[in-house]
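**Student:** Take the sequence shown: its position 308, counted from the start at 1, is 483 in my numbering, and no numbers get skipped.
Ideal Cβ positions, reconstructed from N, Cα and C, are used throughout, including at glycine.
In this text, all values refer to a predicted model and were calculated from it rather than measured experimentally.
Quick one: structure below, then a few questions.
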Amino acid sequence: MEFIMLALGIVLLVKGADWFVGGAAALARHLRIPAIVIGLTIVALGTSLPELAVSLTAAVRGSNAIALGNVLGSNIVNLLVVVGLSALIRPMKVERSMMKRDYSVSVLLLAVLLFFQADFLFGREMVLSRLDGLILLGILGIYMVQTVTNALKSRPSADNLDRTHGIWWNMALCVCGSVAIVSGGQLVVNGATEIARSFGLSETLIGLTIVAVGTSLPELVTSVVAAKKGESEIALGNVMGSNIMNVGFILGLSSLISPIRVEMVSVYDALILLAVSLWFFVPLYREQRVSRGTGLVMLLAYGVYTGYILVR
């Protein structure tokens, strides 16, 4: 029964995110919001809604190990699996402006998160406090304001807008998508928690594997489709935006609702994610592309990481 609950929850998460992203993107076009803002904000937030639903539900119920493990695990999946698989399908061009702005902000948020997690170095209890959450949300807020401000300088003309469906239809898609995402998030948390208990596994392990991969499916589908169409900026922008949202918005809001107790394994996972992000920064910035070879290395790195978390 727990596995059926988990599977149904993941289906609702993916379908709900699909409805939300489609409706929200169409609404943005009606309101003449630039494509870059859609990719880095609406699409990124939409594909991060499964992580948001799972993490907030876990935070409210006190299952904070799932909330933190889900975000770290999803970001690792996004960077290594989503980008890696997309690059295998078609090598992707990387804009240096994206590396300087979005990738750098993603690394900055990881470094700040790791600092907040390292309370043991100062002899304090390891916890993400409400103040930590406010700081993460503040960094995200500054990033979003700068992104939107810069992008609004070049709004598309009204003549190029797609008005296939009306505003009310797209609003309905957003509402239905949100309901499906919240419901799916509750099913995933319930199913994952019961599975963890029945097999004697930790909630952190479940959050880093089954839940992380399941809630990263919207990013995977979006980026793979974009890569097939040659829209590398959308594929990479979706991953970068989602990773930024996951740490800045989801963890920030989750810890603001209920302080998150940090396990030592989560510190290791944050270190791994930061190390991997720095490892790929230089070649991506220098070559301005993600080659098939780099994509294969990313997938192999995720295989090694999966082996590590299973062994530990």
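If you draw a straight line from the C-alpha of ALA200 to the C-alpha of LEU411, how long is it?
**Tutor:** 17 Å
**Student:** Do ILE314 and VAL280 have their CB atoms nearer than 9 Å?
**Tutor:** yes
**Student:** Comparing the CB of ARG271 with every heavy atom of the ligand MN, is any distance shorter than 8 Å?
**Tutor:** As presented, the structure is devoid of all ligands, the ligand MN included, so that no description of it is given.
**Student:** With 16 other CB atoms within 10 Å as the buried threshold, where does GLY207 fall?
**Tutor:** Before going further, note that residue 207 is Arg rather than Gly in the sequence given. That one is exposed.
**Student:** How far does the alpha helix (DSSP H) with MET176 in it extend, from its first residue to its last?
**Tutor:** Neither: MET176 is in no alpha helix (DSSP H) and is coded neither H nor E.
**Student:** Tell whether a beta-carbon distance below 9 Å holds between THR216 and MET319.
**Tutor:** yes
**Student:** Helix, strand or coil for VAL302, going by three-state DSSP, please let me know.
**Tutor:** strand
**Student:** Whole angstroms is fine: what's the gap from LEU311's alpha carbon to LEU428's?
**Tutor:** 9 Å
**Student:** Out of LEU474, SER452, SER441 and PRO434, point me to the one whose CA is closest to ASP307's CA.
**Tutor:** PRO434
**Student:** Look at LEU392 and VAL246 and say whether their C-beta atoms are less than 9 Å apart.
**Tutor:** no
**Student:** Give the single residue among ARG436, SER353, GLY352 and ALA286 whose Cα lies nearest to the Cα of ALA450.
**Tutor:** ALA286
**Student:** Just to confirm, is the Cβ distance from GLY259 to VAL457 under 9 Å?
**Tutor:** The criterion of a C-beta distance shorter than 9 Å is not satisfied by GLY259 and VAL457.
**Student:** Give the secondary structure of ARG207 by DSSP, where H, G and I count as helix, E and B as strand, and everything else as coil.
**Tutor:** Coil.
**Student:** Take MET176 as the anchor and find which of VAL465, ASP444, GLY366 and ALA476 has the nearest alpha-carbon.
**Tutor:** GLY366
**Student:** For LEU243, which residues of its own chain have a beta-carbon under 6 Å away from its beta-carbon, when the five flanking residues on both sides are left out?
**Tutor:** ILE435 and SER441
**Student:** Whose C-beta lies closer than 8 Å to the C-beta of SER466 among residues of the same chain, with five residues either side of it excluded?
**Tutor:** ALA262 and PRO266
**Student:** Could you give the C-beta distance for VAL257 and GLN463, rounded to a whole number, given that I count them as a contact under 8 Å?
**Tutor:** Not a contact, Cβ separation roughly 19 Å.
**Student:** Between which two residues does the alpha helix (DSSP H) harbouring ASN421 extend?
**Tutor:** ASN421 -> no alpha helix (DSSP H), and no H or E assigned at all.
**Student:** Please work out which residues of its chain come closer than 7 Å, Cβ to Cβ, to MET420, disregarding the five sequence neighbours upstream and downstream, and give them in chain order.
**Tutor:** ALA219, LEU220 and SER223
**Student:** Which term fits GLN361, buried or exposed, when burial requires 16 or more other beta carbons within 10 angstroms of its beta carbon?
**Tutor:** buried
**Student:** Please state the DSSP three-state secondary structure of VAL142.
**Tutor:** Coverage of the chain is limited to positions 176 through 487, which leaves residue 142 absent and any answer about it impossible.
**Student:** Following the continuous alpha helix (DSSP H) through GLN463, name the residue where it begins and the one where it ends.
**Tutor:** Element bounds for GLN463: n/a, residue is neither H nor E.
**Student:** Please report how far the alpha carbon of LEU327 lies from the alpha carbon of ASP277, in whole angstroms.
**Tutor:** 17 Å
**Student:** Can you list, in chain order, the residues of its chain with a C-beta nearer than 7 Å to that of GLU394? Leave out the 5 residues immediately preceding and following it.
**Tutor:** Answer for GLU394: THR222, ASN253, VAL257, ASN413, VAL414 and SER417, listed in chain order.
**Student:** Below 9 Å between beta carbons: does that hold for LEU231 and VAL363?
**Tutor:** Result no, Cβ atoms of LEU231 and VAL363 do not sit closer than 9 Å.
**Student:** Decide if VAL422 is buried, meaning its Cβ has at least 16 other Cβ atoms within 10 Å, or exposed.
**Tutor:** buried
**Student:** What is the rounded straight-line gap between the Cα of PRO476 and the Cα of ALA355?
**Tutor:** It is Ala, not Pro, that sits at residue 476 in the sequence shown. In this model, ALA476 and ALA355 are separated by some 33 Å (Cα to Cα).
**Student:** Would you check if the distance between the CB atom of ALA228 and the CB atom of GLY359 is smaller than 9 Å?
**Tutor:** yes
**Student:** When the Cα of TYR443 is compared with those of TYR483, PHE455, LEU426 and GLY405, which residue comes out closest?
**Tutor:** The residue among TYR483, PHE455, LEU426 and GLY405 with its C-alpha nearest the C-alpha of TYR443 is TYR483.
**Student:** Please say whether LEU426 and LEU309 have beta carbons closer to each other than 9 Å?
**Tutor:** no
**Student:** Please list the terminal residues of the continuous alpha helix (DSSP H) segment that includes PRO393.
**Tutor:** Taken as a continuous stretch (DSSP letters only), the alpha helix (DSSP H) holding PRO393 covers 392-403.
**Student:** Would you report the Cα separation of GLY470 and SER272, rounded to the nearest angstrom?
**Tutor:** 21 Å
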